[in-house]
Structures are given as C-alpha cells and as structure tokens.
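Participant: Just so we're aligned, residue 1 is where the sequence shown starts under our numbering, counting upward by one. Submitted below is the structure of interest, expressed as structure tokens.
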Amino acid sequence: MSVVERQEWDVVVVGAGGAGLRAAIEARERGARTAVICKSLFGKAHTVMAEGGIAAAMANVNSGDNWQVHFRDTMRGGKFLNQWRMAELHAREAPERVWELETWGALFDRTKDGRISQRNFGGHEYPRLAHVGDRTGLELIRTLQQKIVALQQEDFKETGEYESRLKVFQECTVTRVLKDGGRVSGVFAYERESGRFFVLEAPAVVIATGGIGKSFKVTSNSWEYTGDGHALALLAGAPLLNMEFVQFHPTGMVWPPSVKGILVTESVRGDGGVLRNSEGKRFMFDYIPDVFKEKYAQSEEEGDRWYEDPDHNRRPPELLPRDEVARAINAEVKAGRGSPHGGVFLDVSTRMPAEVIRRRLPSMYHQFKELADVDITAEAMEVGPTCHYVMGGIAVESDTAAARGVPGLFAAGEVAGGMHGSNRLGGNSLSDLLVFGRRAGLHAAEYATGLAGARPPVDDEQVDAAAAEALRPFSAEGEVRPEGQPPENPYTLHQELQQAMNDLVGIIRREGEMEQALEKLADLRVRARRAGVEGHRQFNPGWHLSLDLRNMLLVSECVARAALERTESRGGHTREDHPAMDRDWRRLNLLCRLTDPTGGLAATDPVAGQISLTRETTDPIRPDLLALFDKEELVKYLAEEELYE
Ligand code: FAD
1 MSVVERQEWD VVVVGAGGAG LRAAIEARER GARTAVICKS LFGKAHTVMA EGGIAAAMAN
61 VNSGDNWQVH FRDTMRGGKF LNQWRMAELH AREAPERVWE LETWGALFDR TKDGRISQRN
121 FGGHEYPRLA HVGDRTGLEL IRTLQQKIVA LQQEDFKETG EYESRLKVFQ ECTVTRVLKD
181 GGRVSGVFAY ERESGRFFVL EAPAVVIATG GIGKSFKVTS NSWEYTGDGH ALALLAGAPL
241 LNMEFVQFHP TGMVWPPSVK GILVTESVRG DGGVLRNSEG KRFMFDYIPD VFKEKYAQSE
301 EEGDRWYEDP DHNRRPPELL PRDEVARAIN AEVKAGRGSP HGGVFLDVST RMPAEVIRRR
361 LPSMYHQFKE LADVDITAEA MEVGPTCHYV MGGIAVESDT AAARGVPGLF AAGEVAGGMH
421 GSNRLGGNSL SDLLVFGRRA GLHAAEYATG LAGARPPVDD EQVDAAAAEA LRPFSAEGEV
481 RPEGQPPENP YTLHQELQQA MNDLVGIIRR EGEMEQALEK LADLRVRARR AGVEGHRQFN
541 PGWHLSLDLR NMLLVSECVA RAALERTESR GGHTREDHPA MDRDWRRLNL LCRLTDPTGG
601 LAATDPVAGQ ISLTRETTDP IRPDLLALFD KEELVKYLAE EELYE
C-alpha cells in the first residue's frame, strides 16, 4: 500500500474558474469546510479569458427586457434542446447574481445615468451583457477571489487560521473521484510541481473543470481544457449528456499560424462590426435561416438603423446565434470568397471612430496589434471558426446540480450539460457559472452536512489503484509494450488526436468521416497505453499530458459516437448528410456512459471502444413556459404530438 497524505473536508470543489469559486463560496457560507483544487495557478482559470460579458435580464438599457425574454432567447439559441428548467432558473436568477458580484466589489462599466451598462450580443433580443470593457471574466474572477480572501480573514478572526474552513490547493490535478460503494468519498490528486500524491477525503465533490477544447486543433481554449471533469464523472459512473454539441465560435484569429484559433470577441459585432467576404459583400444577409427570418433585418440599412433605434428596426444578421454565423463563414470560404489566410473579414475600422474602438475593445486592439501587426482601427481583421465551448456535459439534476446516479457528485459550469441545449448564446456562460455554481455549492454543502457522522470512508485499494494508474507512464509497462518498441510520445499522440477531431468531427460532419474518427481513436487509445515519459515526477509536463490523454480520448469518443448517432443538424452539430433539423430528434437526448461500469479502462476492448450510448426522451416543457412562445414558432421546433399535448 502506498503512503499518501490525506486530509478531511466536507466539500471538495475541483476547479477554480467562475463556477468552482462561486460553488466554494456558497459551500463555505453554508457552514461546510471547503477545499478548492485547481490545475493551474489560482486566478488563471479559463473564466479569466471571457471578454464580452455576463448575460442577465436587468433591463438597464432597454426596459423591455425580463427573465421571460431571456429564457425565450436561450431556448431559441439552443434550438429547444435545453433542459428547460435549467434555462428557466438561469434566466430568473442571473440578475441577482450580477448584483451580488457588485456588492462584493465588481466594477462594471456604467450607463450615462449610472446603472450597470449592458451590451448587445448574438441571439439576445435586448442589450443584456453586463461588462467591464472586453475583460469581464478577469473582473469576475478578481471579485470572487477577493470574496474568498474576505471569508478566510473572517475564519482567521474566529479560529486563528486562515485556511481552517476554506483552502485553495493550486497547481494540483485530480485524476480520480474516489467512491465507497456508490457514494463519493473523496478525490485523488497530484501536485504538479513536486509530483506528490494526496487524497482529499470528502463526501461531496463539485466538478467545475470547464471544457474540452484541447481535443481539437484550432481552438480558443487554453491548455487546461482537456475534458478532465467530463472524464472524472464518466469514470465515477455518471453519464454525459448530448456530447455531440460543440460550439465553433465564428470568429477566431486565422493568421499568423502561431495564434490561429485565439478568440475575437463577439462584442466586436455587438458593437457594430460587420462581416465581409473577399468581394466586399456583407454576406450574412444570405444566411438567415427560416426560423429566424422575422427577427433579423433584411437590408444593410435596416441592420445599421437598429444600433440607434432597436425598437423600430430588426437586428443585423451578424448577430445571429454563433452556430449560424460559423456555418456561413465556413460556406463563404469553401465557395472561394474567403480572405487571403482562409477566413473572412471582420471590420470595425469603417464603423466607429478609432478612439471608440480603443476604448470599447481594448483587448482586441492590443491582441491584433501585438500578435498579427494589424491595427483594427485602420483595417479589417481576418477571422474564421474556432472550437470554443462544449454544450454537452455531465448530466445533472436541474435544481440541485447533482450528477445523475452518483450520490455526492455535483457539477457546474461548462462541464455540466443541458443548460444551453444544442448551442450556447454568448454571455450565457458567465451567468451559468454564477447561477449553477451557487446552486452546486449550496446542495453539496447540504448533502455533506446532512450525512453528519456517516461519512463514506476512503478505500485504500482505490488509492493504490489511482497511484499505480498515475505512475504508469514512467514504466510504460512491458505487458502492453512489445519488447524493444519505444514508448509512444504523448505530444505526438495529442497532435494526432487534435488533427483527427478537427478534420473528422469538426464544424461540418459526415458519417464516413466520423467512422474514420472512431477508428483513429481506437488506434490512439491502444498507443496511449504505451505513452511513456522519461525523468521524474518533479514538474514534468510530458507526464501531465500522458495523464490528460486518458481524459481527452474518453471525451473525444463521446463526441464522435454521439455525433454519428444524431442524424440531423441542430445548433453546434451540423451533418452534411442530414442537413435539416428534425423535430422528432428534439425530444431525444443522447447519454454516454463508460462501457465498463467499474471505471476500469484496461479491461475494455480497445477497438470496440469505451463508451456506450443510450437514447432518452426529454421531459415535456412546462405549459406556462411554452405559453411564452407563439404557436407558429413552436411548430418549427416541436413534434406533432407535443404540439397536440
Ligand atoms: P474554467 O474557468 O475553465 O475553470 C476550470 C478550472 O478547473 C480551472 O481552475 C482549471 O485549472 C481546473 N481544472 C481542470 N481540470 C482539472 C483537474 N483535473 N484537476 C484540478 N483542477 C482542474 N462566456 C461568456 O459568458 N461571456 C464571454 O464573454 C465569454 N468569453 C470567452 C472568451 C474566451 C477566449 C473563452 C475561451 C471563453 C469565453 N466564454 C465566455 C466562455 C466562458 O469563459 C467559459 O465557458 C467559462 O469561463 C468556464 O468556466 P468554468 O468555471 O466552467 O471553467
């Protein structure tokens, strides 16, 4: 038996982005001793990169806004596949969560009359995104961190110790959720710097690890997004929901190659930027789908008037939901009307004075100046789709954020599925983190304190197995590596995975290509068992990547299998061979589970794969929520029998 240091907590939160920090604050405030553990430095979560803002129907800029309109927009954006109860809770509670941030010290941009300013974004009927220039995520994280420090100072006054009730373990990676019977008992983790293993014992674990973008070659996501939380949940026995829905943001940088994929915020279009092809045409007017025809301007003049007079004009089609804009850009490039480096042009230089651009979009100005030597106040940017966000995720109970089927496991933020249906609207992630982060923290604390003395014990055998699994890349053991064959290089495997997912399960999908992707994943899975590293456990990035590969391979298989199964196009899932949205598919969720329910991976047939898929019928949408839509609109989405009901 290996000797691994153990600590006892009530709630462990895995991830210190917006969702994790909000969960931790809530759990601590509800009296649970709470540990937060994060792979990167504290404060360097993905949330920091969020630029545009937090969507919340505060009606500060247009008094017509309210939670019902926000709910409607979110359901439309997700093409009605959203877990409607989550979309309802999100729309109702987001304004309170933004106000709360302000009481904790967040400094939002203001309107002339001193209210929190709100900006336009794709798919939102009214200006709705509370923002801090184009650095909103940074302010959100700064505020939540400040709140954590304030709570630690309170604890110091009472107990003489800052970390007695709320402690952050930074640069530590969780590789397994531990269980006692069916229930959660803690997590197994390693410290990235020293390679030291440790266990945090806790009856409740909140997973808040963000997304999966690093499985794709062109992505706006940073190194942390290796799908760890998705994989941890699968391995613990929880299902993942609708993993086929991956959002390709329409505007990532396309040039130079070293920065390909880095995000160009939607605020550029929200503030008046337009998309043009190589012929100078504002092509989005040719791509307004029937379901949105009545809501979008049919001429450039009308679209331009909307910025000044939104009550009497319709919005420009550059502000369609992201899936529509990404597909349109893809089609223009494919038709030979792209920009020199394979994107299209996004122009603010002819739309706003230079000083307004620099004030409203400071990060974009610097990003292009420094990375591409382009002055966006004088010339257009070149942009193209980039893998940005995963709508699929851990299947959770809408009200409590409890992961299905695993008592003690909770999930919030990008790692949780359901809230955004088949496509997320911009700004709806930051609000999602706050609303469901809080709910996850609350219910995790209630669950943990409710157990009183009956905490599930941590099983030594599981700890030993987790330690052996984590050490495997150092031995790249003989039984899986034929004699004399060198270990596989984890970086090569990662590159091959990214290329395969980009090319075969990317923005436009075809049956044959997805089958090829599954074959490639099977090959990579076998080779990943032979991934080996040299050196020791002190800061060894190759070792860390070898461990992350398990997660990326699991999650990529979920995406590919579910995408192959869903024979329609909807939101972030476009099938060239099934181009239409099918009303019968709206009622179907796809659930991915591990084929080997014990969570072991070695025993699984490497070729057949590790994931099994089931279909599940969605709950009917509550009648009072359906009544928020016109019948004519519902006809486009709901199946006959649902309309009849
Ligand atoms: P994150 O903020 O990514 O945090 C994940 C945490 O989990 C990190 O602390 C990480 O270290 C930790 N972690 C991961 N794996 C492990 C592990 N195995 N063990 C321990 N810790 C682990 N959304 C909006 O609503 N508005 C915007 O304007 C906006 N702009 C964006 C701009 C960019 C460039 C990007 C990439 C995204 C943007 N988004 C925006 C999306 C939004 O930022 C993310 O969806 C959101 O921040 C995810 O938050 P999270 O708390 O779920 O995860």
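From the three backbone atoms N, C-alpha and C, an ideal C-beta is built for every residue, glycine too. Every value quoted in this text rests on a predicted model; they were computed, and no experiment measured them.
List the endpoints of the continuous alpha helix (DSSP H) containing V356.
Facilitator: First-last of the alpha helix (DSSP H) with V356: 354-360.
Participant: Please list the terminal residues of the continuous alpha helix (DSSP H) segment that includes Q7.
Facilitator: Segment 5-8 is the beta strand (DSSP E) holding Q7; no alpha helix (DSSP H) there.
Participant: Are I141 and G43 closer than 8 angstroms when you measure CB to CB?
Facilitator: It is a contact, given that the beta carbons lie within the stated cut-off.
Participant: Could you spell out the range, first to last residue, of the beta strand (DSSP E) harbouring E382?
Facilitator: Its beta strand (DSSP E) spans residues 381-390.
Participant: Among residues of its own chain, excluding the 5 on either side of E279, which ones have a beta-carbon nearer than 8 angstroms to its beta-carbon?
Facilitator: Around E279: R337.
Participant: Among the residues of its own chain, which have a CB less than 6 angstroms from the CB of T265, if the five just before and after it don't count?
Facilitator: For T265, where only same-chain residues beyond five positions count, the Cβ hits under 6 angstroms are E51, G52, D134.
Participant: Which residue from W67, S63, A91, V199 puts its Cα closest to that of V463?
Facilitator: Out of W67, S63, A91, V199, V199 has the C-alpha closest to the C-alpha of V463.
Participant: Between L240 and R176, which are expected to be in contact by the criterion C-beta below 8 angstroms, what is the C-beta distance as a whole number of angstroms?
Facilitator: The pair is not a contact, with the Cβ atoms about 17 angstroms apart (cut-off 8 angstroms).
Participant: Can you say whether R110 is buried or exposed, counting buried as having 16 or more other CB atoms within 10 angstroms of its CB?
Facilitator: When all chains shown are included, R110 counts as exposed.
Participant: Three-state secondary structure (DSSP) at T47?
Facilitator: It is helical.
Participant: Closer than 8 angstroms by C-beta to D655: which residues in its own chain qualify, once you throw out the five before and the five after it? Chain order, please.
Facilitator: Look at the range of the chain in this structure, 1 to 645, and you will see that residue 655 is not part of it.
Participant: Just the C-alpha distance for G186 and S194, rounded to the nearest angstrom, thanks.
Facilitator: The alpha-carbon atoms of G186 and S194 are separated by roughly 21 angstroms.
Participant: Roughly how many whole angstroms lie between the Cα atoms of L521 and L553?
Facilitator: Computed Cα separation, rounded: 7 angstroms.
Participant: Using alpha carbons as the reference points, say which of R196, E5, V168 lies closest to H536.
Facilitator: Per the Cα distances, R196.
Participant: What are the boundary residues of the alpha helix (DSSP H) that A465 is part of?
Facilitator: Looking at the DSSP string, the run of the alpha helix (DSSP H) that includes A465 is 460-475.
Participant: Which same chain residues, not among the five before or five after E479, have their C-beta less than 7 angstroms away from its C-beta?
Facilitator: Bear in mind that the predicted position of E479 carries a pLDDT of just 46, short of 50, making it unreliable; the figure below should be weighed with that in mind. There are no such residues.
Participant: Using DSSP bridges, identify the partner residues of E266.
Facilitator: DSSP, once it has assigned bridges, lists no residue as partnering E266.
Participant: On the premise that F216 lies in contact with C387, defined as a C-beta separation below 8 angstroms, what is that separation, rounded to the nearest angstrom?
Facilitator: C387 to F216, Cβ: 4 angstroms. Contact.
Participant: Thinking just about the alpha-carbon of each residue, which of Y296, F71, W306, G437 is nearest to the one in V36?
Facilitator: Comparing Cα positions, the closest option is G437.
Participant: Grab me the residues of Q7's own chain with a C-beta within less than 8 angstroms of its C-beta, minus the 5 sequence neighbours each way, in chain order.
Facilitator: Cβ neighbours of Q7 beyond the five flanking positions: A35, F198, V199, L200, E201.
Participant: What residue from H249, W67, H124 has the CA that sits closest to I329's CA?
Facilitator: Checking every option, the nearest Cα to that of I329 belongs to H249.
Participant: Please report how far the alpha carbon of A603 lies from the alpha carbon of I212, in whole angstroms.
Facilitator: Since pLDDT at A603 reaches only 46, below the 50 mark, its modelled position is unreliable, and no value is offered.
Participant: Let's see if you can read the secondary structure: which residues bound the beta strand (DSSP E) around N589?
Facilitator: 588-594 is the extent of the beta strand (DSSP E) around N589.
Participant: Kindly list the residues whose CB is nearer than 7 angstroms to the CB of V48, restricted to its own chain and excluding five residues on each side of it in sequence; keep chain order.
Facilitator: Hits under 7 angstroms: G137, L138, I141.
Participant: Alpha helix (DSSP H) containing Y491: first to last residue?
Facilitator: Here the alpha helix (DSSP H) through Y491 covers 490-504.
Participant: Given the structure, does Y389 come close to the ligand FAD, in the sense that its CB is under 7 angstroms from one of the ligand's heavy atoms?
Facilitator: Result yes, Cβ under 7 angstroms from the ligand FAD.
Participant: Compare the beta carbon distance of F156 and A130 with 8 angstroms and say whether it is the shorter of the two.
Facilitator: Not in contact: F156 and A130 (Cβ atoms no closer than 8 angstroms).
Participant: Tell me whether the beta-carbon of G417 lies closer than 8 angstroms to the beta-carbon of M391.
Facilitator: A contact, by the Cβ cut-off of 8 angstroms.
Participant: Pull up the distance between the alpha-carbon of G105 and that of S363, whole angstroms please.
Facilitator: Spanning the two alpha carbons is a distance of roughly 22 angstroms.
Participant: Quick one: complete beta strand (DSSP E) runs, 3+ long, within the segment 389-432?
Facilitator: As far as the segment 389-432 is concerned, its whole beta strand (DSSP E) runs of at least 3 residues are 409-411.
Participant: Quick one: grab the DSSP three-state call for D304.
Facilitator: Correct three-state label for D304: helix.
Participant: Answer yes or no: the CB of V435 versus the heavy atoms of the ligand FAD, is any distance below 7 angstroms?
Facilitator: No.
Participant: Does DSSP put V374 in a helix, in a strand, or in coil?
Facilitator: V374: coil per DSSP, three-state reduction.
Participant: Output the distance between the C-alpha atoms of Y307 and P623, rounded to the nearest integer angstrom.
Facilitator: If I take the Cα positions, the gap works out to 34 angstroms.
Participant: Answer with buried or exposed for S258, where buried requires no fewer than 16 other C-beta atoms within 10 angstroms of its C-beta.
Facilitator: By the neighbour-count rule (16 or more Cβ atoms within 10 Å), S258 is not buried but exposed.
Participant: Is T251 near the ligand FAD, in the sense that its beta carbon is under 7 angstroms from a heavy atom of that ligand?
Facilitator: Answer for T251: no, Cβ out of range of the ligand FAD.
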